[in-house]
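Trainee: Attaching a single structure in structure tokens format; questions to follow.
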Amino acid sequence: MAKITLKQYLDSTASPDDLKELIQLIAAQGPAIRNAFITNQKYADTQNIYGETQMKLDIWSNEHLKQVLKKSKLVKELASEEEAEVLSFPDAKSNYAVTMDPLDGSSLIQVNLAVGTIIGIYDNGKVMQPGKNMRAAMYILYGPLTTLTVTVKEGIYMFALNDKNEFTMTDQNVKIGDKKLYGTGALQKDWVPKHKKFINEIVKDGFKLRYSGSFVADVHQFLKYGGVFSYPLYKGHMGGKLRLLFEANPLGFIVTQAGGKVSTGEKNILTIMPEKVDHRVPIYIGTKKYVERAEKIIKG
Ligand code: AFP
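Position 75 of the sequence shown, counted from 1, bears residue number 82 in the numbering used here, the numbering being contiguous throughout.
Right, dumping it as structure tokens:
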């Protein structure tokens, strides 16, 4: 039997036509971004300037998505991890607002590990609002396969890019697993005592370490298998490292839709009103009972 395409799936949902169009348009940029890795690699071979290469791919993906979204006339506001200010497109015909991390985990490109594009979509034209108001969220993960995970508030669905550059469904109505996996960021010497206590506890309880340096890839693993990812507040960065708009909210929304949880350790991240584009948060995300275990220690 023929596999269900992204378009067929979206057509089976209650999503408005312009939302379906927007999601498909962003999905269609997956192959273009993936191809840019190869073009860029050639550049790296001749110049051998790795820092510059990495920056160029970030910037290229940002510029590419920015132009595509502007031209689509579907997006009124766009906030990007690569832009200092929110961009407005007043002549848009639809009222969507998009947050994007064009290439999360980009420092891993030069070592050929998985990186991804993270997208949040609001339907009331504003990006500066709590994540719980999101209308849809998605990420494209560039690993051995290029995969797409999406929610239009009707559960979590996953797709993989085939040889015809179409996304076809691999997983439907995904529910987060409960394997004992964990990943945690920041230097251990800088952890605050409560975070240290949480990690010590779960390690004693048999949790296995899985941490790549790419938030989107790590969360994808925990979404499928179960586990808890954290990037705590730490000495010198008492607001945390990961960005609310571009990383924590869209992936928090997806994990929550899959029955998991996202928290600062004290409160649900999706309820936070962003104070600035670059708002950062400490984060605990993954299987509900493991995030609640962290909250118990952090709050206590
Ligand atoms: P880059 O996109 O700049 O590589 O940052 C990646 C990231 O924001 C997130 O994807 C990782 O989980 C985290 O930073 C890794 O941080 P550390 O390098 O401190 O482990």
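Heads up, the beta-carbon is just placed ideally off N, CA and C, and yes, glycines get one too.
1. Look at the alpha carbon of Thr210 and the alpha carbon of Leu230, and state the distance between them as a whole number of angstroms.
2. Mind checking whether Asp111 and Glu89 have CB atoms under 8 angstroms apart?
3. Drop a sphere of 10 angstroms on the beta-carbon of Pro151, count the other beta-carbons inside from all chains shown, and report buried for 16 or more, exposed for fewer.
4. Distance, Cα to Cα, Ser221 vs Val122?
5. Using only the heavy atoms of ligand 1, determine whether one of them is closer than 7 angstroms to the beta carbon of Phe222.
6. Which of the three DSSP states is assigned to His202 in this structure?
7. Would you list, in sequence order, the uninterrupted beta strand (DSSP E) runs of no fewer than 3 residues that lie entirely inside the stretch 92-133?
8. Cutting at 7 angstroms between CB atoms, please list the residues of its own chain near Ala265, excluding the five before and the five after it.
9. Am I right that Leu155 and Leu26 are in contact with their C-beta atoms under 8 angstroms? What's the rounded C-beta distance?
10. Specify the secondary structure class of Leu85 as computed by DSSP and reduced to three states.
11. Would the C-beta of Ala193 count as close to ligand 1, meaning under 7 angstroms from any of its heavy atoms?
12. How would you call Gly310, buried or exposed, if buried means at least 16 neighbouring beta carbons within 10 angstroms?
13. With burial defined as no fewer than 16 other Cβ atoms inside 10 Å of the residue's Cβ, what is the status of Ala9: buried or exposed?
14. Any heavy atom of ligand 1 inside 7 angstroms of the beta-carbon of Lys248?
15. Excluding the five sequence neighbours on either side, which residues of its own chain have a C-beta within less than 6 angstroms of the C-beta of Asp225, listed in chain order?
16. Please name the residue in Asp130, Lys201 and Lys306 whose C-alpha comes closest to that of Val159.
17. Could you tell me which residues DSSP pairs with Ile147 in its beta bridges?
18. So, are the CB atoms of Leu81 and Ala99 less than 8 angstroms apart?
19. Should Asn42 be labelled buried (16 or more other beta-carbon atoms within 10 Å of its own) or exposed?
20. When burial is assigned at 16 or more other CB atoms within 10 Å of the CB, is Met62 buried or exposed?
21. Could you check the C-alpha separation between Leu70 and Gln36 for me, to the nearest Å?
22. Does the beta-carbon of Met280 have 16 or more other beta-carbons within 10 angstroms, so that it is buried, or is it exposed?
23. Three-state secondary structure (DSSP) at Ser19?
24. Where do the ends of the beta strand (DSSP E) carrying Thr175 lie?
Mentor: Quick look at the numbers:
1. Note that residue 210 is Val in the sequence shown here, rather than Thr. If I take the Cα positions, the gap works out to 19 angstroms.
2. Taking a C-beta distance under 8 angstroms as the contact criterion, Asp111 and Glu89 do not qualify as a contact pair.
3. Exposed, because fewer than 16 other Cβ atoms sit within 10 Å of the Cβ of Pro151.
4. So the alpha carbons of these two residues sit roughly 6 angstroms apart.
5. Inclusion of Phe222 in the 7 angstroms shell around ligand 1 follows from its C-beta lying nearer than that to a non-hydrogen atom of the ligand.
6. Three-state result, His202: helix.
7. With a minimum length of 3 residues, the continuous beta strand (DSSP E) runs that stay inside the stretch 92-133 are 103-111 and 122-129.
8. If we look at Ala265 and ignore the five residues flanking it on each side, its Cβ neighbours are Ile163, Val181, Lys182, Ile183 and Leu230.
9. Not quite, the Cβ-Cβ distance comes to about 15 angstroms (not below 8 angstroms), so this is no contact.
10. Of the three classes helix, strand and coil, the one that applies to Leu85 here is strand, per DSSP.
11. The beta carbon of Ala193 sits closer than 7 angstroms to at least one heavy atom of ligand 1.
12. Lying before the first or after the last residue shown, residue 310 is absent from the chain, which here runs from 8 to 307.
13. When all chains shown are included, Ala9 counts as exposed.
14. At least one heavy atom of ligand 1 is nearer than 7 angstroms to the Cβ of Lys248, so yes.
15. Answer for Asp225: Gly190, Ser219 and Phe236, listed in chain order.
16. Residue Asp130 is the option with its Cα nearest to Val159.
17. Beta-bridge pairing links Ile147 to Thr124 and Leu155.
18. Contact: yes.
19. Residue burial is scored here from C-beta neighbours: Asn42 has fewer than 16 other C-beta atoms within 10 angstroms and is therefore classed as exposed.
20. Low confidence applies to Met62: its pLDDT is 46, below 50, so where it sits in the model is not reliable enough to give any reading.
21. As written in the sequence, residue 70 is Glu, which differs from the Leu given in the question. Roughly 12 angstroms between the two C-alpha positions.
22. With fewer than 16 Cβ atoms within 10 Å of its Cβ, Met280 is classed as exposed.
23. DSSP, reduced to helix, strand and coil, places Ser19 outside both helices and strands of the structure shown, so it counts as coil.
24. It spans Phe174 to Asp178 - the beta strand (DSSP E) in which Thr175 sits, taken as one unbroken run.
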